[in-house]
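Novice:
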Amino acid sequence: MTTLVVLGWMLLGMMVLVYFLYRSIRRPLQRVTERSRDVANVQLPGVVASMRADVDADLPDVERIPVTSKDEIGELVTAFNLMSSTAVGLVGEQAAARRSIADMFMNLGRRNQRLLNRL
Numbered sequence: 192m193t194t195l196v197v198l199g200w201m202l203l204g205m206m207v208l209v210y211f212l213y214r215s216i217r218r219p220l221q222r223v224t225e226r227s228r229d230v231a232n233v234q235l236p237g238v239v240a241s242m243r244a245d246v247d248a249d250l251p252d253v254e255r256i257p258v259t260s261k262d263e264i265g266e267l268v269t270a271f272n273l274m275s276s277t278a279v280g281l282v283g284e285q286a287a288a289r290r291s292i293a294d295m296f297m298n299l300g301r302r303n304q305r306l307l308n309r310l
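The sequence shown begins at 192 in this note's numbering and counts up by one.
Following this line, the structure appears as structure tokens:
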């Protein structure tokens, strides 16, 4: 009978340990998931819209997820932070390049119009 009680307590202890291990893995992954959705659905379109409106607009700072561990999940969070800041920077550069190309075509159109007027 005491063996069954000890086994029951051990089983309960292992279940509690597994639960806390599950939570310690799930929380950081959930933060990365929420943050990635925010970057994809809010920040990147916002940067594109602001850069289309004003080429000289400053790029917003990307909110970083705090790294709380040095294991694989911490490495994942660090890599995500780097990727999201790089993505925002690239989107800003892309929007600025599009704007400068549009300006270049506008200048080219004006030059062509002047040449046609001279003819």
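Just so it is clear, CB atoms sit at the ideal spot from N, CA and C, and this is done for glycine as well. Bear in mind that the values here come from a model prediction, so they are computed numbers and not experimental data.
Rounded to a whole number of angstroms, what is the C-alpha to C-alpha distance between LYS261 and VAL233?
Specialist: Straight-line Cα distance between these residues: approximately 29 Å.
Novice: Once you ignore the five residues that flank SER276 on each side, which residues in its own chain have a CB closer than 8 Å to its CB?
Specialist: The residues are VAL253, ARG255.
Novice: Is the separation between the beta-carbon of PRO251 and that of VAL238 shorter than 9 Å?
Specialist: Yes, they are a contact pair.
Novice: Buried or exposed for PHE296, please, with buried defined as at least 16 other CB atoms from any protein chain shown within 10 angstroms of its CB.
Specialist: So PHE296 ends up on the exposed side.
Novice: Could you check which residue in SER215, VAL209, GLY204 has the C-alpha nearest to that of THR259?
Specialist: Closest by alpha carbon: SER215.
Novice: For LEU202, report the span of its alpha helix (DSSP H) as first-last.
Specialist: Unbroken alpha helix (DSSP H) run through LEU202: 193-229.
Novice: Use the C-beta contact count for GLY300: other C-beta atoms within 10 angstroms, 16 or more gives buried, fewer gives exposed.
Specialist: It counts as exposed.
Novice: Is the distance from the Cβ of MET242 to the Cβ of ALA270 below 9 Å?
Specialist: The answer is no: Cβ separation not under 9 Å.
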